[in-house]
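Here the structure is laid out as structure tokens; the discussion comes afterwards.
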Amino acid sequence: MGESLADQLPGQAAQATRISPFTLFFREFLRHPVMIGSVIPSSKRTIETMLAPVDWANTRLFVEYGPGVGTFCATILERLPPDATLLAIDTNPVFIDYLRGKFADTRFVAAHGSAADVNEIIAAHGFEKADYVLSGLPFSTLPAGVGAAIVEATHRVLRPGGSFLVYQYSAYVLRLLEPLFDSIDRDLEWWNIPPCGLFWAHKQVEEAA
Ligand SMILES: C[S@@+](CC[C@H](N)C(=O)[O-])C[C@H]1O[C@@H](n2cnc3c(N)ncnc32)[C@H](O)[C@@H]1O
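Residue numbers for the sequence shown follow the UniProt record's numbering, beginning at 1 and rising by one.
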């Protein structure tokens, strides 16, 4: 975690900032098909529908897993309050370096690491809990046990009343969400290639003793 692409793969970071986001995304898909799980980024309609229920005024920390080329990041930053943070976590250092070059916004933090370590990653940036976590991770193709570990870590990192927002090409993720989250809303976005399942998993507000 933390080491920049420029240190690991000299030349690729600079190259990544010169090519289009679509080309970069497709090139990384060819390199890591299982970890990326999609040939092209999400559609504008998917972004709008997924983010529609977010209570922006009461958001201090918004975490995104698997931002890729930042398809959701610009819209999140447009809506995020001035004192809030968007913390984007990706295992692919090419995407992390690309995002650091793309978004100069002081509310934006790109962290190289795994979503399974979200609790440690937000603590390293001075946060205790997240209000929302958004995920574009391909849960059905992740290595065995990784998806369950990520969902468990996400439930822990969310404050009571917080929500986990998931877009997926299969409903596989439901079997991981249902045992932990108190309620789950779902929808299907046809205006996406391929059509995309949308899930909003809610952690209950703690009842007063
Ligand atoms: C389908 S792409 C999502 C792209 C983008 N969010 C979009 O809307 O177009 C999945 C992303 O998840 C990242 N990824 C895969 N496993 C991960 C993990 N365990 N933690 C964080 N990111 C991961 C991949 O590197 C890739 O950027």
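No residue lacks a Cβ here, since even glycine has one placed at the ideal position from N, Cα and C.
When we look at the beta-carbon of residue i and count the other beta-carbons within 10 Å, is it buried (16 or more) or exposed?
| i | result |
| --- | --- |
| Leu188 | exposed |
| His125 | exposed |
| His155 | buried |
| Val205 | exposed |
| Phe103 | buried |
| residue 210 | The structure shown does not extend to residue 210, since the chain is modelled only from 1 to 209, so the question has no answer here. |
| Glu128 | exposed |
| Thr106 | exposed |
| Asp182 | exposed |
| Phe22 | exposed |
| Ser4 | In this prediction, Ser4 scores a pLDDT of 46, lower than 50, which makes its location untrustworthy; no coordinate-derived value is stated. |
Is DSSP giving residue i helix, strand or coil here?
| i | result |
| --- | --- |
| Leu180 | coil |
| Leu158 | strand |
| Asp90 | strand |
| Phe103 | coil |
| Leu174 | helix |
| Glu152 | helix |
| Phe199 | strand |
| Ala115 | helix |
| Val205 | coil |
| Glu120 | helix |
So, is the C-beta of residue i closer than 7 angstroms to a C-beta in chain C?
| i | result |
| --- | --- |
| Phe181 | Chain labels in this structure do not include chain C; a single protein chain is all it has. |
Considering only residues of the same chain and omitting the five flanking positions on each side of residue i, which have a CB-CB separation below 8 angstroms?
| i | result |
| --- | --- |
| Ile184 | Leu174, Leu177, Glu178, Phe199, Trp200, Ala201 and His202 |
| Gln8 | In this prediction, Gln8 scores a pLDDT of 47, lower than 50, which makes its location untrustworthy; the coordinate-derived value is nonetheless stated afterwards. The residues are Pro93. |
| Asn121 | Asn is not the amino acid found at residue 121; the sequence shown has Ile there. Excluding positions up to five away in sequence, the list reads Met1, Leu87, Ile89, Ala111 and Gly113. |
Report all residues from its chain with a CB closer than 7 angstroms to the CB of residue i; omit the five preceding and five following residues, and keep chain order.
| i | result |
| --- | --- |
| Ala57 | Pro81 |
| Val151 | Leu176, Leu177 and Leu180 |
| Pro53 | Trp200 |
| Thr75 | Ile47 and Leu51 |
| Tyr172 | Phe139 and Ser140 |
In chain order, what residues of the same chain lie with their CB nearer than 6 angstroms to the CB of residue i, ignoring the 5 residues before and after it?
| i | result |
| --- | --- |
| Ile96 | Asp90, Ala110 and His112 |
Review point. At what residue ranges does the region 27-87 contain a whole run of the beta strand (DSSP E), taking only runs of 3 or more?
Key: 61-65
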